[in-house]
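Peer 1: I have a structure here, written as structure tokens, and I will follow up with some questions on it.
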Amino acid sequence: MEIMERTFSGDADLQKMAELVRKFPAENIHIVDLPYRLSSWSFDYPENIRLWSDEHGQLLAWAILQVPFWKVDYAYHPEFQNTLHPQILRWADEQAHKIVGTASGHPAWFAAVLASQTDRIRDLEAIGFTSQENVGENSWTQVLMEHSMQIPDEVHLADGFHIRPLMGAGEVDALSIYIGLFSRVKT
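Plus 2 on top of the position in the sequence shown (first one is 1) and you've got this note's numbering.
Rendered as structure tokens:
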């Protein structure tokens, strides 16, 4: 199989990126907040995004230097752990070095992995990443929780309420106002 590396090309790629993560949820930390992460202003810097596909255009992996979070977000098909993961990390490391001193450059980048992902940890350590779990006062850890629950086939809403998709571009401003107010309350 031939694996091709390419640049990000827009909304169609976003859909494929999200689908790859949803297809392998156990391999990816960012499931719930993926829409948020895929709408960050990192996409203003397409040179900080890379995709890997097979010869048929099937997306196998992607990576983003997430400028606002100082993080390397990435996902890949687990079948290609040994070939794609090192490529992703080499690209991210090279790109991070290229952009030092620019608006999207940072002196450090972080990558989130599960403790059980020992192959990922090994690959990260091989290119110079170090665990931040036990570095003292500024140690960083992440607690992941799961709640298994049955999702009902039908949702019953209170009288007068219903769920529907937006009715086109004319409703976007109203939704944006609501989101903006919510954001101000949360800060």
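Ideal Cβ placement from N, Cα and C applies to all residues, glycine included.
Please return the same chain residues whose Cβ sits closer than 8 Å to the Cβ of Leu126, not counting the five positions on each side in sequence.
Peer 2: In the sequence shown, the residue the question calls residue 126 occupies position 124. Here the set comprises Leu91, Ala113 and Val115.
Peer 1: Candidates Leu67, Asn84, Gly172 and Pro80: which alpha carbon is nearest Pro27's?
Peer 2: Walking along the sequence shown from the start, residue 27 turns up at place 25. Nearest option by C-alpha distance: Pro80.
Peer 1: Arg124 lies in the beta strand (DSSP E); which residues open and close that run?
Peer 2: Locating residue 124 in the sequence shown gives position 122, counting from the first residue. Where Arg124 is concerned, there is no enclosing beta strand (DSSP E), although the alpha helix (DSSP H) around it starts and stops at Thr120 to Ala128.
Peer 1: Could you give the DSSP three-state label for Gln60: helix, strand or coil?
Peer 2: To locate residue 60, count along the sequence shown from 1; it is residue 58. Three-state result, Gln60: coil.
Peer 1: When you compare each of Ser11, Pro37 and Phe71 to Val23 by their alpha carbons, which one comes out closest?
Peer 2: Taking the first residue of the sequence shown as position 1, residue 23 is located at position 21. It is Pro37 whose Cα lies nearest to the Cα of Val23.
Peer 1: Quick check: Trp64 and Arg52, are their CB atoms within less than 8 Å of each other?
Peer 2: On the sequence shown, residue 64 is found 62 positions in, with the first residue counted as 1. On the sequence shown, residue 52 is found 50 positions in, with the first residue counted as 1. Their beta carbons are under 8 Å apart, which means Trp64 touches Arg52 by this criterion.
Peer 1: When the Cα atoms are used, what is the spatial distance from Pro167 to Ser133?
Peer 2: Along the sequence shown, one-based indexing puts residue 167 at 165. Along the sequence shown, one-based indexing puts residue 133 at 131. Cα-Cα distance, rounded: 43 Å.
Peer 1: Could you pull out every residue in the same chain whose Cβ sits closer than 6 Å to the Cβ of Glu29, ignoring the five residues on either side in sequence?
Peer 2: Residue numbering aside, residue 29 sits at position 27 when the sequence shown is read from its first letter. So the list reads Pro80, once near-sequence residues are dropped.
Peer 1: With Met19 as the anchor, note down where its alpha helix (DSSP H) starts and where it stops.
Peer 2: By 1-based counting over the sequence shown, the position of residue 19 is 17. Here the alpha helix (DSSP H) through Met19 covers Asp13 to Lys25.
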